[in-house]
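Enquirer: I have a structure I would like to understand better, so I am pasting it below and will then ask my questions one at a time.
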Amino acid sequence: MLPFPVLEKAQAELCDYQDTGCSVMEMSHRSSTYQKIYDAAEASLRRLLALLDDYCVLFLQGGATLQFSMTAMNLARRNQKAAYALTGVFAEKAFNEASRWCGAYQITNAEGRCTVPEIDPAALLDNTAYLHITGNNTACGTMYKKTPPHGDVPLVADWSSGILASVIPVTDYDLIYAGAQKNIGPAGVTVVIARRSLFEREPDPLVPSLMRYDTMDKTGSMLNTPPTYGIYICGLVFEWLEAFGGIEAIERVTREKSGMIYQAIDSTDFYEGIANPACRSLTNVTFRLRDQSLTPAFLEEAAAERMIGLKGYRLIGGIRASVYNGMPKEGAEALADFMAGFAKRHG
Ligand SMILES: *Cc1c(COP(=O)(O)O)cnc(C)c1O
Numbered sequence: 195m196l197p198f199p200v201l202e203k204a205q206a207e208l209c210d211y212q213d214t215g216c217s218v219m220e221m222s223h224r225s226s227t228y229q230k231i232y233d234a235a236e237a238s239l240r241r242l243l244a245l246l247d248d249y250c251v252l253f254l255q256g257g258a259t260l261q262f263s264m265t266a267m268n269l270a271r272r273n274q275k276a277a278y279a280l281t282g283v284f285a286e287k288a289f290n291e292a293s294r295w296c297g298a299y300q301i302t303n304a305e306g307r308c309t310v311p312e313i314d315p316a317a318l319l320d321n322t323a324y325l326h327i328t329g330n331n332t333a334c335g336t337m338y339k340k341t342p343p344h345g346d347v348p349l350v351a352d353w354s355s356g357i358l359a360s361v362i363p364v365t366d367y368d369l370i371y372a373g374a375q376k377n378i379g380p381a382g383v384t385v386v387i388a389r390r391s392l393f394e395r396e397p398d399p400l401v402p403s404l405m406r407y408d409t410m411d412k413t414g415s416m417l418n419t420p421p422t423y424g425i426y427i428c429g430l431v432f433e434w435l436e437a438f439g440g441i442e443a444i445e446r447v448t449r450e451k452s453g454m455i456y457q458a459i460d461s462t463d464f465y466e467g468i469a470n471p472a473c474r475s476l477t478n479v480t481f482r483l484r485d486q487s488l489t490p491a492f493l494e495e496a497a498a499e500r501m502i503g504l505k506g507y508r509l510i511g512g513i514r515a516s517v518y519n520g521m522p523k524e525g526a527e528a529l530a531d532f533m534a535g536f537a538k539r540h541g
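My numbering puts the first residue of the sequence shown at 195, with every later residue one more than the last.
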């Protein structure tokens, strides 16, 4: 979900952006009007995350999935290694892509269980270019509650489904990437936040220009035409978040929303949580009905009450409730009430 006020603002400005006589979709990305939209979006995100100039903010394309390759291709030489914490579906995909380029190896493995094992920095091998973690595991519903120790190896994280929902100590990381469609804006934009000192070493000459962080930083994400309309909507979301009171304020709401659903899981034997309770995600609440034959009825009855998108990730099964920033508290409350009622009716 996107915050409703953002959709309303986009609707009001759709055909004629601030008396320019054209839609943001129709503007040249080289126009000064569009540049202002871009700069405002970047500045707002920087304020939200308290970022200084030693970090760049990029708005790229290709989704989080292209970052699985770009991180490896920019940060590792082909003869180097990269450590991967395999905590879920997307962590494995990231590992597989990096393996095409460099010597990727597993530093922890959740072995199919939905948990986030501790990382022992002593297990980092020599010649490791970076350690990659998936900050929030969208499918299992687990997250890192603390930044893992990583010695002097740069730390890279996929925070696609956790960014802007709770406070992430961004400067603990050397690079964070996130596909916008989970908690930032519409699909088609990928946000990358990276320590600029990472770019001091030129990447391998094989890396395409469009996939080089240093080039994209130098050109203000505009080596070619960026996803202009998507970036504009991201900017509206950042503006909305700032007016809301910033990330600390939204984190309180995120905790309330997921807390209500976890409470509904834990208060009856009818449901069981999928994630290890110590690693429960604040944004993706995953659970099963103990009698799994009732899952289709659960989804059907929920849909009849206009609660949709609850089916778990196909490899995990069960139910997944995502409570990203656009989801109002009433949505989580309605689901928790529905869960209690469903358990009573079918228990
Ligand atoms: C959704 C998701 C992805 C995939 O994102 P795309 O933008 O579709 O490539 C990768 N990582 C995580 C953690 C995700 O939640």
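A virtual CB, placed ideally from N, CA and C, is assigned to each residue, including glycine.
Please list the terminal residues of the continuous alpha helix (DSSP H) segment that includes C428.
Expert: Element bounds for C428: 422-438.
Enquirer: Leaving out five residues on either side along the sequence, give the residues of the same chain with a beta carbon under 8 Å from the beta carbon of A381.
Expert: Excluding sequence neighbours, A381 sits near G257, G373, A374, Q375, G424.
Enquirer: Using beta-carbon positions only, say whether L609 and A333 come within less than 8 Å of one another.
Expert: Not covered by the structure: residue 609. The range shown for the chain is 195 to 541.
Enquirer: Which residue's Cα is closest to the Cα of Y317: T309, N303, Q255, E495?
Expert: A quick correction: the sequence has Ala, not Tyr, at residue 317. Looking at the Cα atoms, N303 is the closest of the given residues.
Enquirer: Would you identify the three-state DSSP class for A469, choosing helix, strand or coil?
Expert: Looking at A469 - three-state DSSP - the assignment turns out to be coil, as it is neither helix nor strand.
Enquirer: Can you list, in chain order, the residues of its chain with a C-beta nearer than 8 Å to that of V361? Leave out the 5 residues immediately preceding and following it.
Expert: Closer than 8 Å at the Cβ level, and outside the excluded window around V361, lie I441, E442, E445.
Enquirer: From this set, D352, E394, T322, which residue's C-alpha is nearest H344's C-alpha?
Expert: Taking only the C-alpha atoms, the option nearest H344 is T322.
Enquirer: Helix, strand or coil: how does DSSP classify N418 here?
Expert: Three-state DSSP puts N418 in coil, outside helix and strand.
Enquirer: To the nearest whole angstrom, what separates the beta carbons of T489 and S516, a pair I think is in contact under 8 Å?
Expert: No, T489 and S516 are not in contact; Cβ-Cβ is about 17 Å, not under 8 Å.
Enquirer: Applying the 10 Å Cβ sphere with the 16-neighbour rule, what's the burial state of C296?
Expert: Buried is the call here.
Enquirer: Measure the Cβ-Cβ separation of F262 and K287 and say whether it is below 8 Å.
Expert: A contact, by the Cβ cut-off of 8 Å.
Enquirer: Would you kindly work out how many angstroms separate the C-alpha atoms of A266 and E495, rounded to a whole number?
Expert: About 44 Å.
Enquirer: With a 10 Å radius around its C-beta and 16 neighbouring C-beta atoms as the bar for buried, classify P399 as buried or exposed.
Expert: Under this definition P399 is an exposed residue.
Enquirer: Which residues neighbour ligand 1 when neighbourhood means a C-beta less than 5 Å away from any of its non-hydrogen atoms? List them by chain order.
Expert: My final list is G257, A258, T259, F284, T332, D352, S354, S355, G373.
Enquirer: Among D320, L245, V283, N290, which one has its Cα closest to the Cα of K275?
Expert: Here the closest residue by C-alpha is D320.
Enquirer: Alpha carbon to alpha carbon, how far is R240 from L252? Give it in angstroms, no decimals.
Expert: If I take the Cα positions, the gap works out to 11 Å.
Enquirer: So does the region 210-224 actually touch the region 410-425, counting three or more Cβ pairs closer than 8 Å?
Expert: Short answer: they touch.
Enquirer: In terms of residue numbering, what span does the alpha helix (DSSP H) encompassing S143 cover?
Expert: Nothing in the structure corresponds to residue 143, since the chain is present only between 195 and 541.
Enquirer: Tell me, which residues are paired with H540 by DSSP?
Expert: Paired residues: none, contrary to the question.
Enquirer: Quick one: give me the first and last residue of the beta strand (DSSP E) that I300 is part of.
Expert: Just to set this straight, residue 300 is Gln in the shown sequence, not Ile. First-last of the beta strand (DSSP E) with Q300: 297-303.
Enquirer: Output the boundary residues of the alpha helix (DSSP H) element that contains D398.
Expert: From DSSP, D398 is part of no alpha helix (DSSP H); its letter is neither H nor E.
Enquirer: By alpha-carbon positions, which one of E499, R514, A497, D460 ends up nearest to K505?
Expert: Of E499, R514, A497, D460, the residue nearest in Cα terms is R514.
Enquirer: Comparing alpha-carbon positions, which option in K203, I301, C250, R307 lies nearest P471?
Expert: Answer by Cα proximity: R307.
Enquirer: Just checking, does the region 444-460 make contact with the region 520-538 on the three C-beta pairs under 8 Å criterion?
Expert: Contact holds: three or more Cβ-Cβ distances are below 8 Å.
Enquirer: Please return the same chain residues whose Cβ sits closer than 8 Å to the Cβ of E499, not counting the five positions on each side in sequence.
Expert: Cβ within range, chain order: A528, F532.
Enquirer: Return the chain-ordered ranges of every beta strand (DSSP E) run that is complete within the region 343-369 and spans a minimum of 3 residues.
Expert: Runs of the beta strand (DSSP E) inside the region 343-369: 349-352.
Enquirer: In the DSSP output, what is I327 paired with across the bridge?
Expert: Beta-bridge pairing links I327 to A351.
Enquirer: Can you give me the C-alpha to C-alpha distance between T341 and A279, rounded to a whole angstrom?
Expert: Answer to the nearest angstrom: the Cα atoms are 13 Å apart.
Enquirer: Using the DSSP secondary-structure output, state which residues sit across from F481 in a beta bridge.
Expert: Bridge partners of F481: G467, I513.
Enquirer: With burial defined as no fewer than 16 other Cβ atoms inside 10 Å of the residue's Cβ, what is the status of C209: buried or exposed?
Expert: Exposed is the call here.
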